[in-house]
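Peer 1: Just so we're aligned, residue 372 is where the sequence shown starts under my numbering, counting upward by one.
One structure is given below, represented as structure tokens, and several questions about it will come after.
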Amino acid sequence: MCGIVGYVGPDQALPIVIEGLRRLEYRGYDSAGVAVTNGDITVVKRAGKLSELESALAGDARPRGTVAMGHTRWATHGAPNDLNAHPHLDCSGRIAVIHNGIIENFQVLRDRLLKGGHTFVSETDTEVVAHLIEETDEGDLAEAVRRTARQLTGAYSLVVTSAGDPDVIVGVKVSSPLVIGLGKGENMLASDIAAVMQKTKTVVPVLENQVVEVRAGGVRITDLEGEEMPLEPIEVEWDLAAAVKGGYPDFMLKEIHEQPDGIRDTLRARIDSRGRLALDELQVSEAQIESVNSVFVVACGTAFHSGMVAKYAIEHWVRLPVQIEIASEFRYRDPVLDSNTLTLGVSQSGETIDTLEAVRHARAQGSRVIAITNTVGSSITREADGVLYTHAGPEICVAATKTFATQMTALYLLALYLAQVRGSLFPLEIAGSLDALQSLPGAVEEALGLNDQVRALAERYADRPDIIFIGRHTGYPAALEGALKLKELSYVHAEGYPAGELKHGPIALIEPGVPVVAVATQ
372 MCGIVGYVGP
382 DQALPIVIEG
392 LRRLEYRGYD
402 SAGVAVTNGD
412 ITVVKRAGKL
422 SELESALAGD
432 ARPRGTVAMG
442 HTRWATHGAP
452 NDLNAHPHLD
462 CSGRIAVIHN
472 GIIENFQVLR
482 DRLLKGGHTF
492 VSETDTEVVA
502 HLIEETDEGD
512 LAEAVRRTAR
522 QLTGAYSLVV
532 TSAGDPDVIV
542 GVKVSSPLVI
552 GLGKGENMLA
562 SDIAAVMQKT
572 KTVVPVLENQ
582 VVEVRAGGVR
592 ITDLEGEEMP
602 LEPIEVEWDL
612 AAAVKGGYPD
622 FMLKEIHEQP
632 DGIRDTLRAR
642 IDSRGRLALD
652 ELQVSEAQIE
662 SVNSVFVVAC
672 GTAFHSGMVA
682 KYAIEHWVRL
692 PVQIEIASEF
702 RYRDPVLDSN
712 TLTLGVSQSG
722 ETIDTLEAVR
732 HARAQGSRVI
742 AITNTVGSSI
752 TREADGVLYT
762 HAGPEICVAA
772 TKTFATQMTA
782 LYLLALYLAQ
792 VRGSLFPLEI
802 AGSLDALQSL
812 PGAVEEALGL
822 NDQVRALAER
832 YADRPDIIFI
842 GRHTGYPAAL
852 EGALKLKELS
862 YVHAEGYPAG
872 ELKHGPIALI
882 EPGVPVVAVA
892 TQ
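So, in structure tokens, the structure goes:
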């Protein structure tokens, strides 16, 4: 995923934007660029790391101005080179655009613009947007962006500056995250909260199909038709130190070691003095819970694996049938849902587009929806009837670690709460399970003490091209998650299987030297 940072205020904008991009480096990228507005627009961009861009901005080449935006890009349309890096300009060089996501109808729009005399210098879908704004700009940049957005098909976020309207940055969100950082006499716009934390902890998540005008003195939000919308600021609870490595060699190792605290924070204040669960935040009444006759869980990737664990827990404790679905597949079939169905949407970011679409589909069928997410104010919280937050703190590493642990913790809490409301477990049984959950942080800390043994195993098997993971019951989703992590991080072919299925085909892949990791919890 690409990174977006914009700043408007009294300070020199470029250092702030560069620092914001640095905080988004964890997302990965192949090029970076900036646009600084000061009478004209100065664009500097380079393929490669952020350090390449900083070298190009050194000395006299460093543009000055109090309005700027920057971007880190993963190539989709067009090769990773200087020309295809963002920002992109219109024919006049007075409108600059940065963009996350995909413009699906860009080729049709590009062909039309070419016939109209526009000249393109890149292979990207993004450049189309700059030329469309050029065509529709009649002196009001925000209105030009609204008119342009109404012509686009896809999932994207855009941020735009113009030499003709030099005191404003305009952004639009369509299924790709944007957040406003509200400061004192200065404001920011970014794709991730981490980028604005250098200036403020007061943020406004941009909602679906909203257009934002960010100036030093204030922010205005409208829909795509121009109707003004309210600002709904929230305070970020974690601090800037949580978004840095804190002495660890990488974010993943840091976040692995943050699992015990993440579990504690997810449990905190959800068990009352009588030992009963109190999940008032769900905003789903006990009567509605009692009427539920089936449960769907929709999620992707690691969140899907935590959802598999929830299936076992809900079926065992609540005695309700549970279906677990890959979110991207859910809306392409015809699931049977109604007002007595409870759908759980699980997403760390709250912005996973397939999960959002699955949740919308469930609600359209009349289902109640509860979101399990780590991100306050995210899109999924707006789509759901109720929310259960995981309180894991920021997860910077792309590979999920502590959010997997905290999602499972939150889902266990939810399963026990359903059992409490429906009376499917005795109070003493619920209390015993809650005691076990509260012992989890200590158990994780004990497991983290096995670092030397794990390192020795990793060194022993580092050269193996294939690794098999197996598990039974909750060990099966753990096996799937282990295989996913190995693929994501080591680029080693790994597969997870139910232990009992090993003999039904997968055993054909096992030969001398192939490691098999068995998740054997009992």
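For every residue, glycine included, the Cβ atom is placed at its ideal position computed from N, Cα and C.
1) Is the Cβ-Cβ distance between Thr892 and Phe775 less than 8 Å?
2) Using the C-alpha atoms, what's the distance from Asp496 back to Ile473?
3) Let me check one thing: in DSSP terms, what residues is Gln581 bridge-paired to?
4) Jot down the residue ranges of each uninterrupted beta strand (DSSP E) in the region 694–775, minimum 3 residues, whole runs only, in chain order.
5) Mind reading off the beta-carbon distance from His457 to Arg465? Whole number of angstroms is fine, and I expect it under 8 Å.
6) Beta-carbon separation of Ala501 and Ile412 under 8 Å?
7) Take Val585 and list the residues in its own chain whose beta-carbon comes closer than 6 Å to its own, dropping the five residues that flank it on each side.
8) Out of Arg521, Ser718, Arg394 and Arg835, which has the shortest C-alpha to C-alpha gap to Asn476?
9) How long is the line joining the alpha carbons of Met600 and Ile751, rounded to whole angstroms?
10) Would you call Glu505 buried or exposed, if buried means 16 or more other Cβ atoms sit within 10 Å of its Cβ?
11) In the DSSP assignment, the beta strand (DSSP E) including Tyr822 goes from what residue to what residue?
12) By how many angstroms is the C-alpha of Val863 removed from the C-alpha of Ile878?
13) Taking Pro451 as the reference, which of Tyr400, Ala432 and Pro812 has the closest Cα?
14) Thinking Leu708 and Phe667 are a contact (beta carbons under 8 Å), I'd like their distance in whole angstroms, please.
15) Provide the residue span of the beta strand (DSSP E) that contains Ile881, from first to last.
16) Thr845 bridges to which residues according to DSSP?
17) Quick one, which of Pro798, Val887 and His489 has its alpha-carbon nearest Leu359's?
18) From which residue to which residue does the beta strand (DSSP E) around Ser528 run?
19) With a threshold of 16 other CB atoms inside 10 Å of the CB of Arg826, please say whether the residue is buried or exposed.
20) In chain order, what residues of the same chain lie with their CB nearer than 7 Å to the CB of Lys572, ignoring the 5 residues before and after it?
21) Short check: CB of Pro886 to CB of Ile841, under 8 Å?
22) Return helix, strand or coil for Phe477, following the three-state DSSP convention.
23) Around the C-beta of His676, are 16 or more other C-beta atoms found within 10 angstroms, so that it is buried, or is it exposed?
24) I need the straight-line Cα distance from Ile634 to Gly597, nearest angstrom please.
25) Can you list, in chain order, the stretches of the beta strand (DSSP E) that have 3 or more residues and sit fully within the region 645–689?
26) Is the beta carbon of Arg793 closer than 8 Å to that of Ile660?
27) As a quick exercise: from Ile627, His442 and Lys486, pick the residue whose alpha carbon is nearest that of Glu817.
28) In chain order, which continuous runs of the alpha helix (DSSP H) of length 4 or greater are located wholly inside the region 391–454?
29) Do Glu579 and Lys544 have their C-beta atoms closer together than 8 Å?
30) Would you kindly work out how many angstroms separate the C-alpha atoms of Asp632 and Asn822, rounded to a whole number?
31) Give the secondary structure of Lys378 by DSSP, where H, G and I count as helix, E and B as strand, and everything else as coil.
32) Between Leu851 and Gly867, which are expected to be in contact by the criterion C-beta below 8 Å, what is the C-beta distance as a whole number of angstroms?
33) Roughly how far, in whole angstroms, is the beta-carbon of Ala786 from the beta-carbon of Ile685, given that I think they are within contact range, below 8 Å?
34) Let me make sure I understand the geometry here. Which of Lys682, Gly374, Leu385 and Leu529 has the alpha-carbon closest to that of Arg394?
35) Do Ala742 and Gly359 come within 8 Å of each other at the CB atom, strictly closer than that value?
36) Check the DSSP bridge columns for Ile838 and list the partner residues they point to.
Peer 2: Straight from the coordinates:
1) No, these two residues do not count as a Cβ contact at 8 Å.
2) A direct Cα-Cα distance of roughly 7 Å separates Ile473 from Asp496.
3) BP columns for Gln581 point to Lys544 and Asp594.
4) 712–718, 739–744 and 757–760, all fully within the region 694–775.
5) That pair is no contact at about 16 Å.
6) No; because the gap between Cβ atoms is not below 8 Å, this pair is not in contact.
7) The residues are Val379, Ile540, Asn558 and Leu560.
8) Ranked by how close their Cα comes to the Cα of Asn476, the residues Arg521, Ser718, Arg394 and Arg835 have Arg521 in first place.
9) Cα-Cα distance, rounded: 19 Å.
10) So Glu505 counts as buried.
11) Checking the sequence shown, residue 822 turns out to be Asn, not Tyr. Judged by DSSP secondary structure, Asn822 falls outside any beta strand (DSSP E) and instead within the alpha helix (DSSP H) spanning Asn822 to Tyr832.
12) Distance between the alpha carbons of Ile878 and Val863: 18 Å.
13) Per the C-alpha coordinates, the member of Tyr400, Ala432 and Pro812 positioned closest to Pro451 is Tyr400.
14) The Cβ separation is near 7 Å, so the contact holds.
15) Here Ile881 belongs to no beta strand (DSSP E), and DSSP marks it neither H nor E.
16) Beta bridge pairing from DSSP links Thr845 with no other residue.
17) With the chain running from 372 to 893 in the structure shown, residue 359 is simply not present.
18) Taken as a continuous stretch (DSSP letters only), the beta strand (DSSP E) holding Ser528 covers Gly525 to Ser533.
19) That one is exposed.
20) Hits under 7 Å: Glu606 and Val607.
21) No.
22) Helix, per DSSP.
23) The C-beta of His676 has 16 or more other C-beta atoms within 10 Å across all chains shown, which makes the residue buried.
24) If you draw a straight line from the Cα of Ile634 to the Cα of Gly597, it comes to about 43 Å.
25) Counting whole runs of 3 or more residues, the region 645–689 contains the beta strand (DSSP E) stretches 665–670.
26) With respect to the 8 Å criterion, Ile660 and Arg793 are classified as neighbours on the basis of their beta carbons.
27) Among Ile627, His442 and Lys486, the Cα nearest to that of Glu817 is on Ile627.
28) With a minimum length of 4 residues, the continuous alpha helix (DSSP H) runs that stay inside the region 391–454 are 421–427.
29) Cβ atoms of Glu579 and Lys544: closer than 8 Å.
30) Near 18 Å, if we compare the C-alpha coordinates of Asn822 and Asp632.
31) Looking at the sequence shown, residue 378 is not Lys but Tyr. Strand, per DSSP.
32) In this structure, Leu851 and Gly867 form a Cβ contact; the two beta carbons are roughly 4 Å apart against a cut-off of 8 Å.
33) Right, their Cβ atoms sit about 5 Å apart.
34) Nearest of Lys682, Gly374, Leu385 and Leu529 to Arg394, Cα basis: Gly374.
35) Not covered by the structure: residue 359. The range shown for the chain is 372 to 893.
36) According to DSSP, which records beta bridges pairwise, Ile838 is partnered with Ala865.
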